[in-house]
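Reviewing the structure listed below.
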Amino acid sequence: MANNSIKSRKRNSAGIVMRTNHNSGFLLKLKDHLKVLFQFDCAELNFGIYRIMNYKRKEIEKFIEDDLIRVVEKEFEKYKTYSNKELAEKIEKIENKIKEDFGSDILHNGKLIEKYGETRIVKKYLELKKQIDEIDVTENIQSQVFNDLYNFFSRYYEDGDFISKGRYSSKQNKYAIPYSGEEVKLYWANFDQYYIKTGEVFKDYEFNQKGWKFVFRTVLADVPAGNVKGNRRYFFLASDEPVKISNKTCLIKFEYRMLTNGDLKKYPVKTKEGKVKITGIMQDELNPILKDKIVTFITPLEPKAILTETQDEKTIIEKHLYKYTRKITSDFFIHKNLKEFLERELDYFIKTEVLDIEVFDTEKERYFDRHITRSKVVKN
């Protein structure tokens, strides 16, 4: 059951495989996903829901970085009489003794069990080898906890949105809906969510970098009356003083309005053939042009260097422009009872995915108690 893709391993002087960072693959994947769910990339924002999330951010970060692995390891301690390192040290001592008694080649020529299997020292050696194999299996099952949690939360998060689809299985019949025997049951994708008309769309967007505060502010907004859908609106730089710098604060002002003929010349979005697009323009296509214009308007070298610094293949200004221009076009929903929904879904998940009897082979049956512990840890 050892899986070299999820852990780095090396051998000690006794030839025993040692982990240098067990659980690393699944654990890191889960941590990264939880940070996306809790919007850690928005930690510097200080308005609306972000301010509330920041209030608990340190506690959430402590759970993700420390408490999570500690809780999982504590539940699996009962299956480990010794640590991998302690067993390796014991085996190394016995191997040295075996070499003294039976010759240095005895451990490598396949005759150890055949000739000396009944001796006390060889029995002890084989027993310790079995224990280290047991630890290997246990830690692989333990690592599955992190993968289970990742798979569970990934089911309901898609393209930045929480989708409350009731899952039944990963097999043919994937979804299930709450049903109490009614003659007719009407159901839709966001059945158990309330639509929220946010009032924070045009509030300041602030972030801090290297002692500088950067503020995006919409100073003009042309929106359809009564929230009626009309022609597409876009972000453009404000026509009057688009960038203002004072006391290490860089204020960048925007207008949110429909596209004009003048904008087609000032913000030319081109097709693959090099022609200027007139229709079907997306905000993400305008953002690179906005970025270049913003940088041009910033004359001091320090804030210009900060905004053009590259992080994860995108400049800082590009990353924040994407967040700012996206949040205004997002619909927000609140789940009526998220705790009850997730608890119900988790019960389904454990029964159909974690403890799916149909996929249990002889090896899994042998360690069924560990898989029971795995399921309890996932649930709690």
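With the sequence shown counted from 1, adding 21 to any position gets you our numbering.
From the three backbone atoms N, C-alpha and C, an ideal C-beta is built for every residue, glycine too.
Hey, how far is the Cα of residue 285 from the Cα of residue 211?
Working through the sequence shown from its first residue, we reach residue 285 at position 264. Working through the sequence shown from its first residue, we reach residue 211 at position 190. Taking the straight line joining both Cα atoms gives about 38 Å.
Which same chain residues end up closer than 6 Å to residue 85 when comparing Cβ atoms and leaving out the 5 residues on each side of it in sequence?
Indexing the sequence shown from 1 puts residue 85 at position 64. So the qualifying residues of the chain are 52, 55.
Residues in its own chain within less than 7 Å of residue 183 by CB, not counting five upstream and five downstream?
As a working mapping, residue 183 is identified with position 162 in the sequence shown. Here the set comprises 177.
Cutting at 7 Å between CB atoms, please list the residues of its own chain near residue 399, excluding the five before and the five after it.
Here the question's residue 399 lines up with position 378 in the sequence shown. Excluding sequence neighbours, residue 399 sits near 166, 169, 170, 371, 375.
Three Cβ pairs or more, each shorter than 8 Å: is that satisfied between the stretch 109-124 and the stretch 140-148?
Contact between the stretch 109-124 and the stretch 140-148 is present, because at least three Cβ pairs lie under 8 Å.
Which partner residues of residue 391 appear in the DSSP bridge assignment?
On the sequence shown, residue 391 is found 370 positions in, with the first residue counted as 1. According to DSSP, which records beta bridges pairwise, residue 391 is partnered with nothing at all.
Under 8 Å by Cβ, that's how I've got residue 395 and residue 162 pegged, so tell me the actual separation to the nearest angstrom.
For this step, residue 395 is matched to residue 374 along the sequence shown. For this step, residue 162 is matched to residue 141 along the sequence shown. Right, their Cβ atoms sit about 6 Å apart.
Is the stretch 227-245 touching the stretch 321-337, taking contact as three or more C-beta pairs under 8 Å?
In short, these stretches touch, since the Cβ pair count reaches three.
If you reduce the DSSP assignment to three classes, tell me which class residue 146 lands in.
Taking the first residue of the sequence shown as position 1, residue 146 is located at position 125. It is helical.
Please name the residue, chosen from 98, 295, 45, that lies closest to residue 164 on a Cα-to-Cα basis.
Taking the first residue of the sequence shown as 1, we reach residue 164 at position 143. That would be 45, whose Cα lies nearest to the Cα of residue 164.
Suppose you measure from the CA of residue 258 to the CA of residue 78; what does that come to, to the nearest Å?
Along the sequence shown, one-based indexing puts residue 258 at 237. Along the sequence shown, one-based indexing puts residue 78 at 57. When rounded, the distance between both Cα atoms is 33 Å.
According to DSSP, is residue 274 part of a helix, a strand, or is it coil?
As a working note, residue 274 is residue 253 in the sequence shown. Residue 274: strand per DSSP, three-state reduction.
Drop a sphere of 10 angstroms on the beta-carbon of residue 388, count the other beta-carbons inside from all chains shown, and report buried for 16 or more, exposed for fewer.
In the sequence shown, residue 388 corresponds to position 367, counting from 1. Label assigned to residue 388: buried.
Can you tell me whether residue 247 is buried or exposed? The criterion is at least 16 other CB atoms within 10 Å of its CB, across all chains shown.
For the purposes of this step, residue 247 is taken as the residue at position 226 of the sequence shown. The predicted model places residue 247 with a pLDDT of 47, which falls under 50 and marks its position as unreliable; any figure quoted below should be read in that light. So residue 247 counts as exposed.
For residue 109, does the count of other Cβ atoms within 10 angstroms reach 16, so buried, or fall short, so exposed?
Within the sequence shown, residue 109 is the residue found at index 88, counting from 1. Burial call: buried.
Straight-line CA distance for residue 140 to residue 172?
If you number the sequence shown from 1, residue 140 lands on position 119. If you number the sequence shown from 1, residue 172 lands on position 151. Going from the Cα of residue 140 to the Cα of residue 172 covers about 48 Å.
Tell me which residue opens and which closes the alpha helix (DSSP H) that residue 45 is part of.
Reading the sequence shown from its first residue, position 24 is the one you call residue 45. From DSSP, the alpha helix (DSSP H) with residue 45 extends over 45-58.
Beta strand (DSSP E) containing residue 229: first to last residue?
Here residue 229 refers to the residue found at position 208 when the sequence shown is read from its first residue. Its beta strand (DSSP E) spans residues 226-230.
Going straight from the alpha carbon of residue 340 to that of residue 310, what length do you get?
Stepping through the sequence shown from its first residue, residue 340 is reached at position 319. Stepping through the sequence shown from its first residue, residue 310 is reached at position 289. Each residue's alpha carbon lies about 14 Å from the other.
Name, in chain order, the residues that DSSP records as bridge partners for residue 291.
Along the sequence shown, read from residue 1 onward, the residue named residue 291 stands at position 270. Bridge partners of residue 291: 297.
So, are the CB atoms of residue 308 and residue 342 less than 7 Å apart?
Residue mapping note: residue 308 aligns to position 287 of the sequence shown, counting from 1. Residue mapping note: residue 342 aligns to position 321 of the sequence shown, counting from 1. Cβ distance < 7 Å, so residue 308 and residue 342 count as in contact.
With a Cβ-Cβ cutoff of 7 Å, do residue 274 and residue 263 count as a contact?
Mapped onto the sequence shown, residue 274 falls at position 253. Mapped onto the sequence shown, residue 263 falls at position 242. Yes, these two residues count as a Cβ contact at 7 Å.
Expressed to the nearest angstrom, what Euclidean distance is found between the alpha-carbon atoms of residue 208 and residue 362?
Taking the first residue of the sequence shown as 1, we reach residue 208 at position 187. Taking the first residue of the sequence shown as 1, we reach residue 362 at position 341. Approximately 15 Å, taken between the alpha carbons.
Could you tell me if residue 324 is buried or exposed, where buried requires 16 or more neighbouring beta carbons within 10 angstroms of its beta carbon?
On the sequence shown, position 303 is the one that residue 324 refers to. By the neighbour-count rule (16 or more Cβ atoms within 10 Å), residue 324 is buried.
Please state the DSSP three-state secondary structure of residue 369.
What you label residue 369 is simply residue 348 of the sequence shown in a count that begins at 1. Helix.
Given a threshold of 16 other Cβ atoms within 10 Å of its Cβ, counted over all protein chains shown, does residue 277 qualify as buried or as exposed?
The residue labelled residue 277 in the question sits at position 256 within the sequence shown. When all chains shown are included, residue 277 counts as buried.
Checking the sheet assignment: what are the DSSP bridge partners for residue 242?
To locate residue 242, count along the sequence shown from 1; it is residue 221. The partner list for residue 242 (beta bridge, DSSP) reads 277.
Consult DSSP for residue 357 and reduce its assignment to one of helix, strand or coil.
Stepping through the sequence shown from its first residue, residue 357 is reached at position 336. Residue 357: coil per DSSP, three-state reduction.
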